[in-house]
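Enquirer: Below are the structure tokens for one structure; questions will follow.
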Amino acid sequence: MANTAHLVRRQSSQNLNPQRSLDRLEMKELRGRLVVENGSSLSHNYGATNVAFDDTSPNTKPKVGGGSKLGSGEGKQVFRPEGGEEERESWDSKLTFLLATIGYAVGLGNVWRFPYLAQKNGGGAFLIPYFVMLAIEGIPIFYLELAIGQRLRKGAIGVWNQVSPYLGGIGISSAVVSFNVALYYNTIIAWCLFYFVQSFQSELPWSSCPNKYYTNGSYTVEPECVTSTPTQYFWYRTTLMISDDINTPEVFNWKIALALVVAWVLVYMCMIKGIASSGKVVYVTATFPYIVLIIFFFRGVTLKGMSDGLRHLFTPKWWTLTDPVVWLEAGTQIFFSLGLAFGGLIAFSSYNPVNNNCYRDAIMVSLTNCFTSMFAGIVVFSVIGFKATMIYERCLEERNATLASLSINPLDFATLPPEGTLPECDLEKELDNSASGTGLAFIIFTEAINQFPGAQFWSILFFLMLFTLGIDSQFGTLEGVVTSIVDMKLFPNLRKEILTGVICLICCMISMGFAHGAGNYVFILFDNFSGNFPLLIIAFFECVGVSYVYGLKRITMVEYNIIFNLKLNLIVIFSYKSSMYDEYFRFADDIELMTGRRPGLYWLICWKYLSPLAMLSILVASFVEIAVEGSGYPAWVASKGITERHEWPLWALILIAVLILISVLWIPVVAICRACGILIIEDNDKAWFPTEDLREFHGIVPHQVTPAEQVLFCIREDGTEGLCCPTAKLQKRNLQN
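In this text, residue positions in the sequence shown follow the numbering used here: the first is 2, and each later residue adds one.
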């Protein structure tokens, strides 16, 4: 029988040189381990297949002597595994991956959710809980997903099934949530396309109220528009053709149905070749929103009332920091704006080279996402400040004109008419009259654009920006579904472009449920429940899976010597189905092998304690909030020109339960079936990972347990783990074997 190293390499790589003898492989494996055992390293230079991913780790050491392999003649040390590379799709360049990841993380929520939450929850004071939750929840889980995907080289289902067959349900849950979210998320893209097309008219259709014509040829201004506003009327009546409630869908909305078909065709065209096609598109979709935001920024800072809007946004209200709801909304915004637990980040990072610096990527993309939110907040509230100022000044003009007609001095308070007979003019009230989500994009912001000279140009830019923000987030969401199905080999003979087309077609047909009078109410139901609770549960189990099953630490030098001596003296006795040596490599060590830098104590604490606690806190607080305040949806009342809260009917509550349960039940179901010997997910081959090549490349030696690790993670000096981690028994059993 072949030795363990040879067996693992033979199963993981199809590019092994058949002329390399078994003896040579064995000697190379043993020689590398002897070097590590003695505390020194032979750091080799490798040429990279893709020069765009040249390794720039500070821990990289140049090889002394001849025989080094350098990439593209630049003298850089690059990594090329001795046994060849795996046959898996890869990004064209590092820039393509970064743009795709930024485009996925930076979405519509950065523009239409963060500004609203900031001004609602304390202005500048909101940034404190926002960055705290970013530090203990956002970046750690983002880092975790990038690292685990790059290490295990699969989609979400394959990754978590390889971490433990009992955790395979995490990947299925991520794929189901991504599918559900993709259904309604593309509806937003369809709305943006509809508004984008309408913006090419000589007069914006939402700039004034339309007329209502009668059979005798007479007409009046549309009463519903008079009681509301032109932008509200166009949104609710023209675009949505909205019904009175969710139980009365009434007419089919063919305009939005056509926009949905166009949106799904565009998504498919961008994803037809996988990351090869979507990687090209992100050069436009990831950069164009920033260009538009910069243009709107320079336009916004020149508007009258801009300073009032920014003051309203950033003036700190320190007392809000004692409100737990503020912390809850900060944590929720961080979680969903980064796109965590969808499986898209895992899928994207699985196409990276094994020596890519995922730590640097996680920090860069996360901070880019957060500062984009702040920049978008400045842009949005500079425009909202302008709108509020225009409304306030018109109100003052009407008020003064009324007083002048009554020959009353506005400064003589004794002669003023009774309260309620004059218009109430309050700038702060107008500034507070902002909204989030579709209300901000399609009502508040469009109303402000109406005041701009050349409003059509600004409207085209704005909705094109929303379209590009949405569609590259849609790529990542749908890629999490496609990659998981491909890695599961459910349809091994079906080409990926055909599989993607079938998924888009199914989604398009189901999404017609949003194209009728009650479609907006169904959209709100999906938006509130298809992702929120399931994603929090999935993220919690991701942290548990990495921290308590996959493990945070590796074997100590003592254990390493035991394993090495066993392999040195008893090479031929190993016929394990997987390498015993590989069983001891845990998450922190894998990151060190990939990046040349071991994750610090802070990250280990977050993964094991802080992040799961944050997930649980948000989840419990969300359930408590629903239990106390109930749950409903805003229904449009045409006669009043406002929305009123309606309770969900029974069938909607059942649909909510189905959406949540169909996503999260996979986690316990897969574990129970596995315990009963029923395989829902087939055990695939272990991921290709050139352990020894990476160790030599970065010059890594076994990690010694530190006193802090012993205290914080209950790790004993011999490497076994205490009650904090239930993997101790498994570790002892492997050593005894």
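Cβ coordinates follow ideal geometry from the N, Cα and C atoms, glycine included. All of these numbers come straight from a predicted model, not from anything done at the bench.
1. Run through DSSP, which three-state label would T221 get?
2. To the nearest angstrom, how far is it from the Cα of V112 to the Cα of D473?
3. With G306 and G378 assumed to form a contact (beta carbons below 8 Å), what rounded beta-carbon distance in angstroms separates them?
4. Taking N187 as part of the beta strand (DSSP E), name the residues at either end of that continuous run.
5. Using DSSP bridges, identify the partner residues of T644.
6. Once DSSP output is grouped into helix, strand and coil, what is the label at K213?
7. What would DSSP say about F372, mapped onto helix, strand or coil?
8. Roughly how many whole angstroms lie between the Cα atoms of G170 and I273?
9. Within 8 Å, do at least three Cβ pairs link the region 154–170 to the region 360–369?
10. What three-state label does DSSP hand I701 in the structure shown?
11. Among I335, S383, A348 and C359, which one has its Cα closest to the Cα of F372?
12. With respect to the alpha helix (DSSP H) encompassing P166, which residues constitute its N-terminal and C-terminal limits?
13. According to DSSP, is V712 helix, strand or coil?
14. Tell me H517's beta-bridge partners as DSSP assigns them.
15. Any chance the region 477–489 sits against the region 285–298, with 3 or more Cβ pairs inside 8 Å?
16. Going by beta carbon distance, what residues of the same chain come within less than 7 Å of Y237, once the five residues before and after it are set aside?
17. Short of 6 Å in beta carbon distance, which residues of its chain neighbour N451, apart from the five on each side in sequence? Order them along the chain.
18. For R152, count neighbouring Cβ atoms within 10 angstroms of its own Cβ and tell me buried if that reaches 16, exposed if not.
19. Determine, using beta-carbon pairs with one atom in the region 589–598 and one in the region 348–360, whether at least three such pairs fall under 8 Å.
20. How many angstroms separate the CA atom of R300 from the CA atom of L467?
21. Would you say the region 479–498 touches the region 130–141, given that touching needs at least three Cβ pairs under 8 Å?
22. Would you check if the region 391–403 and the region 175–185 touch, i.e. whether three or more CB-CB distances between them fall below 8 Å?
23. How about the region 540–549 and the region 601–620: do they share at least three Cβ pairs that are nearer than 8 Å?
24. Given H517, which residues of its chain have a CB within under 6 Å of its CB, disregarding the five upstream and five downstream residues?
25. For K641, which residues of its own chain have a beta-carbon under 7 Å away from its beta-carbon, when the five flanking residues on both sides are left out?
26. Let me know the beta strand (DSSP E) ranges lying completely inside the region 323–354, each 3 residues or longer, listed in chain order.
27. Go through its chain and collect everything with a Cβ distance to S383's Cβ below 7 Å, but skip five positions before and after it.
28. On the three-state DSSP scale, how would you describe R89?
29. Count the other CB atoms within 10 Å of the CB of L506; is the residue buried (16 or more) or exposed (fewer)?
30. Can you tell me which of the three DSSP states P206 falls into?
31. Cα separation between C226 and T239?
32. Under the assumption that F530 contacts I619 (Cβ atoms under 8 Å), give the Cβ distance between them as a whole number of angstroms.
33. Check the C-beta distance from L656 over to L526 and give it rounded, since I have them as a contact under 8 Å.
34. Can you name the start and end residues of the alpha helix (DSSP H) that K95 belongs to?
35. From the DSSP output, in three-state form, read off F127 for me.
Expert: The short version:
1. Here residue 221 refers to the residue found at position 220 of the sequence shown. If DSSP states are grouped into helix, strand and coil, T221 belongs with the strands.
2. Taking the first residue of the sequence shown as position 1, residue 112 is located at position 111. Taking the first residue of the sequence shown as position 1, residue 473 is located at position 472. Spanning the two alpha carbons is a distance of roughly 15 Å.
3. The residue labelled residue 306 in the question sits at position 305 within the sequence shown. The residue labelled residue 378 in the question sits at position 377 within the sequence shown. Rounded, the Cβ-Cβ distance is 16 Å, inconsistent with contact.
4. Looking up residue 187 in the sequence shown gives position 186. It is not in any beta strand (DSSP E) - N187 instead sits in the alpha helix (DSSP H) that spans G169 to Q199.
5. Counted from its first residue, the sequence shown places residue 644 at position 643. Paired residue(s): W637.
6. By one-based count along the sequence shown, residue 213 stands at place 212. The answer is strand: DSSP assigns K213 an E or B state.
7. Position 371 of the sequence shown, counting from 1, holds the residue named residue 372. Reduced to three states, the DSSP call for F372 is helix.
8. Indexing the sequence shown from 1 puts residue 170 at position 169. Indexing the sequence shown from 1 puts residue 273 at position 272. Straight-line Cα distance between these residues: approximately 27 Å.
9. no
10. Mapped onto the sequence shown, residue 701 falls at position 700. DSSP places I701 in coil when its eight states are reduced to three.
11. Taking the first residue of the sequence shown as position 1, residue 372 is located at position 371. It is I335 whose Cα lies nearest to the Cα of F372.
12. Numbered from its first residue, the sequence shown carries residue 166 at position 165. It is not in any alpha helix (DSSP H) - P166 carries neither H nor E in the DSSP assignment.
13. If you number the sequence shown from 1, residue 712 lands on position 711. Looking at V712 - three-state DSSP - the assignment turns out to be helix.
14. For the purposes of this step, residue 517 is taken as the residue at position 516 of the sequence shown. DSSP, once it has assigned bridges, lists F253 as partnering H517.
15. no
16. Sequence index remark: in the sequence shown, residue 237 carries index 236 (1-based). Closer than 7 Å at Cβ, skipping near neighbours: I243 and W637.
17. By 1-based counting over the sequence shown, the position of residue 451 is 450. Excluding sequence neighbours, N451 sits near S208.
18. As a first step, residue 152 must be located in the sequence shown, where it is residue number 151. The residue in question, R152, is buried, as its Cβ has 16 or more Cβ neighbours within 10 Å.
19. yes
20. Within the sequence shown, the letter at position 299 stands for residue 300. Within the sequence shown, the letter at position 466 stands for residue 467. Distance between the alpha carbons of R300 and L467: 18 Å.
21. no
22. no
23. yes
24. Your numbering for residue 517 matches position 516 in the sequence shown. Excluding sequence neighbours, H517 sits near P250, F253 and N254.
25. Position 640 of the sequence shown, counting from 1, holds the residue named residue 641. Within the same chain, K641 has close Cβ partners T228.
26. none
27. Counting from 1 along the sequence shown, the entry for residue 383 is found at position 382. Once the five neighbours on either side are set aside, the close Cβ partners of S383 are G301, V302, L304, M307, G310 and L311.
28. Numbered from its first residue, the sequence shown carries residue 89 at position 88. It is coil, neither helix nor strand.
29. The residue you call residue 506 lines up with position 505 of the sequence shown. Looking at its Cβ environment, which holds fewer than 16 other Cβ atoms inside 10 Å, L506 is exposed.
30. Translated into positions along the sequence shown, residue 206 becomes position 205. It is coil, neither helix nor strand.
31. In the sequence shown, counting from the first residue as 1, residue 226 sits at position 225. In the sequence shown, counting from the first residue as 1, residue 239 sits at position 238. For C226 and T239, the distance between alpha carbons rounds to 11 Å.
32. The residue given as residue 530 occupies position 529 in the sequence shown. The residue given as residue 619 occupies position 618 in the sequence shown. Not a contact, Cβ separation roughly 15 Å.
33. For the purposes of this step, residue 656 is taken as the residue at position 655 of the sequence shown. For the purposes of this step, residue 526 is taken as the residue at position 525 of the sequence shown. Rounded, the Cβ-Cβ distance is 7 Å, consistent with contact.
34. The residue given as residue 95 occupies position 94 in the sequence shown. Start and end: K95 to A106.
35. In the sequence shown, residue 127 corresponds to position 126, counting from 1. Looking at F127 - three-state DSSP - the assignment turns out to be helix.
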